[in-house]
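Residue numbers (this note's numbering): 2 to 550.
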Ligand code: F6P
């Protein structure tokens, strides 16, 4: 699909001119001029409320941003993705994570084959396996039920299930403790192995390719650890695999009957909905997992069907484009005011940065504008006592996405009101700031001397006018979590469509993998390395000495 460069699009030019005025707008004034601003600039979908009124936009900005989405060909690209066209052109693959959450009675024919029955056949296997593990009828080689599940995977084969298991911990089976090992650093696996009993531990080896160095090494080490206590006959009760690569799974020694497959049209960072979600199914049960899929499907239906002007992923994505390309905001901060969403920022880092951290268009030309901002963040209120200082008074404008649930999943009196008060207060403070006059009035009321007031004034002024979105849900549950993840998947898609990049490949991770393989061989011994730069040669030398000593 050929398209003019983004900066040549009429809406982009109009937005550039519009920004020349908009950059001076004060949100305080925008709120004063538009009493219906919350009603006008908020919307609900799939159990989520998005309040985007605290942004530096007016109705014309929103109309131009939506026009830019249209001129970027978003609607055709969206239709192509949902229909299973091979929009991941560099890898010649369809992008069909949305098919993973289609109901059983749906149909989606790709390359002459309806993928929905295949998806549900795997879901059925996940259901029956999880029921056996959860009920205790699946036993380890000693005849005892499983107490610990260790997922060994990295990137998309780790971040999604880990984040979701934490998010839904209050729905989890009481007998099963979930562990996630991703890092090739042996301290990661060691910390888990030192806690679990081989006779009651189930390992899930999760890797789309089943070739990833970290995962394969951890899997081999886990196998060796198991075999120190039990014999080979016990392996099938303790090792299952999730992969697209049946051959490699068999070669590893896992019975294909204990393998849960998925397909090349599921990208790693979009795979939590597939068999990669097996740890989540084990933890929360198949019914809850079905609600998780249904929540995501509800967001898919909204993204496909709602007009762009009232479309949550489109609005979230285009606001991101507004700050990235017109205000030069280099990062975006994610602030979940929910401890159980503590891994959500890390999950979004892979989702957004591996998808949209690209510098060329789908046609291979340099992108004319900045693409994916850095995504970072942590739970509130912790972030308030760490880096919020920079968000309030630093020199950059960093948009913040607040995420909160109205109802807690605990019964501790008072906490939730304090949490929500902080969440809303921070968004208010970012927007309102505090003027010099307000600081003076406040300090005079405290009888501070005039010279002291003037000395402190610059330090105590908050510029305000700092944008944020507020995402609210009634409660964090499988359905709202599913909708939330799907919202960010589609937001990522919208931005990739506007920047005209392939959001579904990740060539940028390859170079380091290849170089690491060379260095691995050098660290293992052999001739002195001299083919690198002086710095790398010297570092390898030091490590060789340490490892051999
Ligand atoms: O190296 C990046 C990456 O390919 C991610 O895209 C992927 O999620 C991760 O590695 C793990 O890959 P696999 O599931 O094939 O082990």
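Ideal placement from N, C-alpha and C gives every residue a C-beta, glycine not left out.
Quick one: any contact between the segment 248 to 262 and the segment 187 to 195, if contact means 3 or more CB pairs under 8 angstroms?
no
Of the listed residues 213, 236, 216, 267, nearest to residue 99 (C-alpha basis)
Taking the chain shown and counting its residues from 1, one reaches residue 99 at position 98. The candidate whose alpha carbon is nearest that of residue 99 is 267.
So, is residue 102 buried or exposed, given that buried needs 16 or more other C-beta atoms within 10 angstroms?
Here residue 102 refers to the residue found at position 101 of the chain shown. The residue in question, residue 102, is buried, as its Cβ has 16 or more Cβ neighbours within 10 Å.
Cβ-heavy atom distance between residue 353 and ligand 1 below 7 angstroms?
Numbered from its first residue, the chain shown carries residue 353 at position 352. Answer for residue 353: no, Cβ out of range of ligand 1.
So, residue 350 versus residue 376, is the Cβ gap smaller than 8 angstroms?
Mapped onto the chain shown, residue 350 falls at position 349. Mapped onto the chain shown, residue 376 falls at position 375. In this structure, residue 376 lies closer than 8 angstroms to residue 350 by Cβ.
On the CB-based measure, 16 or more other CB atoms within 10 Å of its CB, does residue 501 come out buried or exposed?
Translated into positions along the chain shown, residue 501 becomes position 500. Its Cβ being crowded by 16 or more others within 10 Å, residue 501 is buried.
Boundaries (first-last residue) of the beta strand (DSSP E) holding residue 510
Along the chain shown, read from residue 1 onward, the residue named residue 510 stands at position 509. First-last for residue 510: undefined, no H or E at that position.
Distance cut-off 7 angstroms: residue 395 Cβ against heavy atoms of ligand 1:
Taking the first residue of the chain shown as position 1, residue 395 is located at position 394. Flag unset: Cβ of residue 395 not near ligand 1.
If you run the structure through DSSP and keep just helix, strand and coil, what is residue 519?
Position 518 of the chain shown, counting from 1, holds the residue named residue 519. Note: residue 519 maps to helix in three-state DSSP.
Whether residue 324 touches residue 404 by CB criterion (8 angstroms)
As a position in the chain shown, residue 324 is number 323, starting the count at 1. As a position in the chain shown, residue 404 is number 403, starting the count at 1. Not a contact, by the Cβ cut-off of 8 angstroms.
Judging by CA-CA distance, which residue of 503, 518, 392 is the nearest neighbour of residue 467?
Here the question's residue 467 lines up with position 466 in the chain shown. That would be 392, whose Cα lies nearest to the Cα of residue 467.
Just to confirm, does residue 209 get its C-beta within under 7 angstroms of one of the non-hydrogen atoms of ligand 1?
The sequence position of residue 209 within the chain shown is 208, counting from 1. Flag set: Cβ of residue 209 near ligand 1.
Select from 329, 228, 15, 402 the residue whose C-alpha is nearest the C-alpha of residue 380.
One-based indexing of the chain shown puts residue 380 at position 379. Closest option to residue 380, Cα to Cα, is 402.
For residue 510, which option in 150, 214, 134 has the closest C-alpha, if you only look at C-alpha atoms?
For the purposes of this step, residue 510 is taken as residue 509 along the chain shown, with counting starting at 1. Checked all of 150, 214, 134; the closest Cα to residue 510 is 214.
Apart from the five residues just before and just after residue 42, which ones in its own chain have a Cβ nearer than 8 angstroms to its Cβ?
Taking the first residue of the chain shown as 1, we reach residue 42 at position 41. Closer than 8 angstroms at Cβ, skipping near neighbours: 52, 53, 54, 56, 58, 63.
Could you name the residues of the same chain whose beta carbon sits closer than 6 angstroms to that of residue 406, not counting the 5 residues immediately before and after it, in chain order?
As a first step, residue 406 is located in the chain shown; it is residue number 405 there, counting from the start. Counting only Cβ-Cβ distances below 6 angstroms, and skipping sequence neighbours, we find 339, 474, 476, 477.
Which partner residues of residue 471 appear in the DSSP bridge assignment?
As a position in the chain shown, residue 471 is number 470, starting the count at 1. Bridge partners of residue 471: 52, 403.
Which of the three DSSP states is assigned to residue 492 in this structure?
Along the chain shown, one-based indexing puts residue 492 at 491. Three-state DSSP puts residue 492 in a helix.
I'd like to know if the segment 111 to 121 and the segment 213 to 230 are in contact, where contact means that at least 3 CB-CB pairs between them fall below 8 angstroms.
no
Do residue 343 and residue 399 have their C-beta atoms within less than 8 angstroms of each other?
Taking the first residue of the chain shown as position 1, residue 343 is located at position 342. Taking the first residue of the chain shown as position 1, residue 399 is located at position 398. Cβ atoms of residue 343 and residue 399: not closer than 8 angstroms.
Spatial neighbours of residue 86 within its chain, please: C-beta separation below 6 angstroms, excluding the five flanking residues on both sides.
In the chain shown, residue 86 corresponds to position 85, counting from 1. The answer is none, since no qualifying residue turns up.
Assuming residue 554 and residue 69 are in contact, meaning their beta carbons sit under 8 angstroms apart, how far apart are those beta carbons, in whole angstroms?
Lying outside 2 to 550, the shown extent of the chain, residue 554 is not represented and no answer is given.
Could you give the DSSP three-state label for residue 370: helix, strand or coil?
Here the question's residue 370 lines up with position 369 in the chain shown. Reduced to three states, the DSSP call for residue 370 is coil.
Of the residues 92, 156, 491, which one's Cα is nearest the Cα of residue 303?
For the purposes of this step, residue 303 is taken as residue 302 along the chain shown, with counting starting at 1. For residue 303, the nearest C-alpha among the options comes from 491.
Unbroken alpha helix (DSSP H) run spanning residue 420, endpoints
Walking along the chain shown from the start, residue 420 turns up at place 419. Segment 416 to 433, the alpha helix (DSSP H) holding residue 420.
For residue 41, report the span of its alpha helix (DSSP H) as first-last.
Numbered from 1 along the chain shown, position 40 holds the residue referred to as residue 41. It spans 38 to 41 - the alpha helix (DSSP H) in which residue 41 sits, taken as one unbroken run.
Residues near residue 204 by beta carbon distance below 7 angstroms, same chain, minus five either side:
Looking up residue 204 in the chain shown gives position 203. 151, 153, 223, 239, 240.
Residue 533 to residue 219, Cα distance in whole Å?
Position 532 of the chain shown, counted from the start, is the residue given in the question as residue 533. Position 218 of the chain shown, counted from the start, is the residue given in the question as residue 219. Whole-angstrom Cα-Cα distance: 28 angstroms.
Per the DSSP calculation, residue 408 is bridged to which residue(s)?
Against the chain shown, residue 408 aligns to sequence position 407. Its beta-bridge partners are 476.
What are the complete alpha helix (DSSP H) segments, minimum 4 residues, inside the segment 193 to 277?
214 to 228, 236 to 239, 247 to 253
Expressed to the nearest angstrom, what Euclidean distance is found between the alpha-carbon atoms of residue 49 and residue 484?
Against the chain shown, residue 49 aligns to sequence position 48. Against the chain shown, residue 484 aligns to sequence position 483. If you take the alpha carbons of residue 49 and residue 484, they lie about 8 angstroms apart.
Check whether the Cβ of residue 96 lies closer than 7 angstroms to any heavy atom of ligand 1, and answer yes or no.
For this step, residue 96 is matched to residue 95 along the chain shown. False, no ligand heavy atom lies under 7 angstroms from that Cβ.
Can residue 199 and residue 231 be called in contact, C-beta distance under 8 angstroms?
Taking the first residue of the chain shown as 1, we reach residue 199 at position 198. Taking the first residue of the chain shown as 1, we reach residue 231 at position 230. Cβ distance < 8 angstroms, so residue 199 and residue 231 count as in contact.
Is the number of C-beta pairs between the segment 348 to 365 and the segment 155 to 164 that are closer than 8 angstroms three or more?
yes
Quick check on the DSSP output: the beta strand (DSSP E) that includes residue 178 runs from which residue to which?
The count along the chain shown starts at 1 and reaches residue 178 at position 177. That run of the beta strand (DSSP E) goes 178 to 182.
Going by the C-beta, is residue 110 closer than 7 angstroms to any heavy atom of ligand 1?
In the chain shown, counting from the first residue as 1, residue 110 sits at position 109. Not so, every heavy atom of ligand 1 lies at least 7 angstroms from the Cβ.
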